[in-house]
Amino acid sequence: MSTLQGLPAHILLNHFVVVLMPLTALLAILCVVWPGARERLVWLVLVLAIATAALTALTVSSGQWLIDHADKQTQMLNHHADLGDTMPYFAAALLVAAILLAVLHVRKNRAGNMKPVVHLLIIVLVLAASGASLVQIYRTGESGARSAWGSFVSSVSG
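The sequence shown begins at 1 in full-length UniProt numbering and counts up one residue at a time.
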């Protein structure tokens with residue numbers, strides 16, 4: 001995918017990922033720390049994680065197309081591309097975290113409690129994947145914004 005109605009697809013798709021990944025991560029954290037939220041939100045978190053993983057893959061692919069067709073490749077642009085290349089791994093980790101939340105939810109509803117060590121492991125994995133995803137989406141988005149708008153902002157504020 002290269003363009004959508006004449007605009008680079010990456011410029012449009014990245015907005016979905018920049019919204020969905022933090023939303024999914026924050027809801028996953030909420031589901032871990034508040035069992036009542038997990039009862040209501042676990043399936044939404046799973047659907048959002050699936051959508052985030054799919055859209056992240058499309059966004060990275062369209063970003064690669066964009067960088068291949070860029071007039072000039074700066075160090076800042078290459079840094080953004082390097083960070084962007086890591087995003088599918090973070091989206092996959094978030095998806096695994098959402099699946100683990102769903103397993104925890106189903107297991108608790110059908111079989112009662114699960115072993116405390118397994119429950120604790122799921123909590124730690126969900127918190128780690130969610131926290132790492134939040135940090136990396138910020139780093140990637142910030143580097144992309146600086147790459148795209150940095151020279152404009154410095155000339156306007158300057």
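Ideal Cβ positions, reconstructed from N, Cα and C, are used throughout, including at glycine.
Legend entry - Buried versus exposed, by CB contacts within 10 Å (16 or more), T74: For the purposes of this step, residue 74 is identified with residue 74 of the sequence shown, where counting begins at 1. Exposed, because fewer than 16 other Cβ atoms sit within 10 Å of the Cβ of T74.
Legend entry - Rounded separation between L27 and R40 - CA only: As a position in the sequence shown, residue 27 is number 27, starting the count at 1. As a position in the sequence shown, residue 40 is number 40, starting the count at 1. Answer to the nearest angstrom: the Cα atoms are 11 Å apart.
Inset, instruction - Could you tell me if V135 is buried or exposed, where buried requires 16 or more neighbouring beta carbons within 10 angstroms of its beta carbon? - result: Numbered from 1 along the sequence shown, position 135 holds the residue referred to as residue 135. Answer is exposed; the Cβ neighbour count stays below 16.
Legend entry - Under the three-state DSSP convention, the category T3 falls into: As a first step, residue 3 is located in the sequence shown; it is residue number 3 there, counting from the start. Looking at T3 - three-state DSSP - the assignment turns out to be strand.
Inset, instruction - State the Cα-Cα distance for the pair L100 and V42, rounded to the nearest angstrom. - result: As a first step, residue 100 must be located in the sequence shown, where it is residue number 100. As a first step, residue 42 must be located in the sequence shown, where it is residue number 42. Each residue's Cα considered, the two are about 10 Å apart.
Inset, instruction - Excluding the 5 residues preceding and the 5 following I29 in the sequence, name in chain order all residues of the same chain whose CB lies nearer than 6 Å to its CB. - result: Locating residue 29 in the sequence shown gives position 29, where the first residue counts as 1. These residues qualify, in order along the chain: S130.
Legend entry - Proximity below 8 Å, CB of M21 to CB of T59: The residue given as residue 21 occupies position 21 in the sequence shown. The residue given as residue 59 occupies position 59 in the sequence shown. Against a cut-off of 8 Å, the Cβ pair of T59 and M21 comes out as no contact.
Legend entry - Same chain, Cβ closer than 7 Å to C31, neighbours up to 5 away in sequence not counted: Stepping through the sequence shown from its first residue, residue 31 is reached at position 31. Taken in chain order, the residues that qualify are A37, R38, L41, V42, V45 and L101.
Inset, instruction - Would you mind sorting V126 into buried or exposed? The rule is 16 or more other CB atoms within 10 Å of its CB. - result: Here residue 126 corresponds to residue number 126 of the sequence shown, with the count starting at 1. Answer is buried; the Cβ neighbour count reaches 16.
Inset, instruction - Run the CB neighbour count on N78, radius 10 Å, all protein chains shown included, and call it buried at 16 or more, exposed below. - result: Mapped onto the sequence shown, residue 78 falls at position 78. Looking at its Cβ environment, which holds fewer than 16 other Cβ atoms inside 10 Å, N78 is exposed.
Legend entry - Outcome for H80 when other beta-carbon atoms lying within 10 angstroms are tallied against a minimum of 16: For the purposes of this step, residue 80 is identified with residue 80 of the sequence shown, where counting begins at 1. Burial call: buried.
Inset, instruction - May I ask you to list the residues that DSSP assigns as paired with P8? - result: Your numbering for residue 8 matches position 8 in the sequence shown. According to DSSP, which records beta bridges pairwise, P8 is partnered with T3.
Legend entry - Assigned secondary structure, H119 (DSSP; H/G/I helix, E/B strand, else coil): On the sequence shown, position 119 is the one that residue 119 refers to. Helix, per DSSP.
Legend entry - C-alpha distance - V118 paired with R146, whole-angstrom precision: Looking up residue 118 in the sequence shown gives position 118. Looking up residue 146 in the sequence shown gives position 146. Taking the straight line from one Cα to the other gives about 42 Å.
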